[in-house]
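Each residue of the sequence shown is one higher than the one before, counting from 1 in the numbering used here.
All remarks here apply to the structure that follows.
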Amino acid sequence: MKKIQKVAVIALMVVMLGSAGVAVHAQGTKGVEGTNSSSDKTMATASASTESMSEGEVKKVDASGGKLTIKHGPLANLDMGAMTMVFRVKDPEMLTQVKEGDKIKFIAEKVNGALTVTTLQVLK
Ligand SMILES: [Cu+2]
């Protein structure tokens with residue numbers, strides 16, 4: 001009887017350890033995905049959706065105003081033709097990556113009613 005109990009306890013422990021391991025593993029995977037989705041944005045847009053990005057040329061960088069003047073080609077997602085206009089940027093950090101005259105690929109979206117550059121890639 002005692003022996004069987006011991007075996008049962010060990011078996012139970014193995015099962016628990018096993019499922020704990022699985023849980024940790026699952027969490028670990030989730031965690032990786034979670035951290036990816038934030039930093040992944042740049043990567044995903046850099047690789048996956050280059051086609052949906054619009055082309056443009058930086059005309060002016062307004063670091064203090066958080067704005068970027070872009071001479072852009074047609075923006076299909078915004079139903080906008082080619083023009084030169086001012087955009088807000090999603091992340092002020094973007095303004096440190098570009099300078100006047102840079103050719104860029106970008107995605108602009110309407111954020112809180114303001115046309116905002118949400119993804120930016122400098123062409124070399
Ligand atoms: Cu425009």
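Where is the CB? At the ideal position from N, CA and C, for every residue including glycine.
Just so it is clear, the structure is predicted and the values come from calculations on it, not from any experiment.
Item, Value
"Run through the stretch 81-121 for me and flag every whole beta strand (DSSP E) of 3 or more residues, listed as ranges in chain order.", "83-89, 103-111"
"Secondary structure at L78, three-state DSSP: helix, strand or coil?", "helix"
"For K105 and N112, what's the separation of their Cα atoms in angstroms?", "22 Å"
"Could you say which of A82, G66, E100 lies nearest to A114 if we only look at CA atoms?", "G66"
"Is DSSP giving K60 helix, strand or coil here?", "strand"
"Output needed for V122: all residues of its chain with C-beta closer than 7 Å, excluding positions within five of it in sequence on either side, in chain order.", "Q97, V98, D102, I104"
"By the 10 Å Cβ neighbour count, where 16 or more other Cβ atoms means buried, how is A108 classified, buried or exposed?", "buried"
"Could you tell me which residues DSSP puts in a beta bridge with S54?", "F106"
"For L68, report the span of its beta strand (DSSP E) as first-last.", "67-72"
"Could you tell me if G56 is buried or exposed, where buried requires 16 or more neighbouring beta carbons within 10 angstroms of its beta carbon?", "buried"
"So, for T82: in the same chain, excluding its five sequence neighbours on each side, which residues have a beta-carbon less than 7 Å away from its beta-carbon?", "The displayed chain sequence assigns Ala, not Thr, to residue 82. Result list for A82: H72, G73, P74, in chain order."
"What I want to know is whether the C-beta of L120 ends up closer than 7 Å to one or more non-hydrogen atoms of ligand 1.", "no"
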